[in-house]
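Participant: Sharing a structure below in structure tokens format, with a few things to ask.
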């Protein structure tokens, strides 16, 4: 859920994160995509995602959480390189629908009406939230859109190669 909110990525994009394409530093994480995504085509690839450590609160820091997750799942992985693995035996890479159900569960626990919203709603919620607070180019680049017309038409609701997007989402303090 934290990764979905701080990057604005589609469930498919989260599903395709491969640990071989992660660059983890103490203060940052870079995520590169090696597979074709919905928004990729010849001549256009999604740029790498860059997320800085969120120093005000390590509990919601993507860098800390990702390092912790990888450490805790290392023994379960065997030859699985997909980021998300099942905690139940056999420990295999999870499917897109599993990631969606995890997000749905967290949204429901947060009191979100799941008859109105879906796991994909995190994409619209976080991109709409940061709209007007950071440059539109940063939103488009981070969320993987080429033109702002898609964002304005389908996602912008009243309410990258930098980490402005994730920092703004995390700095919300429940606003």
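Numbering (my numbering), first residue to last: 1381 to 1555.
Quick reminder that beta carbons are idealized off the backbone N, C-alpha and C, glycines included.
Who are the Cβ neighbours of residue 1408 in its own chain at under 8 Å, not counting the five residues just before and after it?
Facilitator: Looking up residue 1408 in the chain shown gives position 28. Excluding sequence neighbours, residue 1408 sits near 1430, 1431, 1432, 1433, 1443, 1543.
Participant: Compare the Cα-Cα distances from residue 1456 to each of 1445, 1470, 1448, 1382 and report the closest residue.
Facilitator: For the purposes of this step, residue 1456 is identified with residue 76 of the chain shown, where counting begins at 1. Nearest of 1445, 1470, 1448, 1382 to residue 1456, Cα basis: 1470.
Participant: Straight-line CA distance for residue 1396 to residue 1462?
Facilitator: For the purposes of this step, residue 1396 is taken as residue 16 along the chain shown, with counting starting at 1. For the purposes of this step, residue 1462 is taken as residue 82 along the chain shown, with counting starting at 1. Approximately 7 Å between the Cα atoms of the pair.
Participant: Can the beta-carbon of residue 1638 be found less than 8 Å from the beta-carbon of residue 1479?
Facilitator: Past the boundaries of the shown model lies residue 1638; the chain is included only from 1381 to 1555, so the question cannot be answered.
Participant: Is residue 1451 helix, strand or coil by DSSP?
Facilitator: In the chain shown, counting from the first residue as 1, residue 1451 sits at position 71. Note: residue 1451 maps to helix in three-state DSSP.
Participant: Would you call the CB atoms of residue 1387 and residue 1522 closer than 8 Å?
Facilitator: Position 7 of the chain shown, counting from 1, holds the residue named residue 1387. Position 142 of the chain shown, counting from 1, holds the residue named residue 1522. Yes, these two residues count as a Cβ contact at 8 Å.
Participant: Among residues of its own chain, excluding the 5 on either side of residue 1491, which ones have a beta-carbon nearer than 8 Å to its beta-carbon?
Facilitator: As a position in the chain shown, residue 1491 is number 111, starting the count at 1. Around residue 1491: no qualifying Cβ.
Participant: Leaving out five residues before and five after residue 1412 in sequence, what residues of the same chain have Cβ atoms less than 6 Å from its Cβ?
Facilitator: In the chain shown, counting from the first residue as 1, residue 1412 sits at position 32. Excluding sequence neighbours, residue 1412 sits near 1401, 1428.
Participant: Would you kindly check if the distance between the Cβ of residue 1483 and the Cβ of residue 1499 is under 8 Å?
Facilitator: Numbered from 1 along the chain shown, position 119 holds the residue referred to as residue 1499. Numbered from 1 along the chain shown, position 103 holds the residue referred to as residue 1483. Yes, the pair counts as a contact, with Cβ atoms nearer than the cut-off.
Participant: Suppose only complete runs of 3+ residues qualify. What are the beta strand (DSSP E) ranges in the segment 1438-1500, listed by chain order?
Facilitator: Runs found: none.
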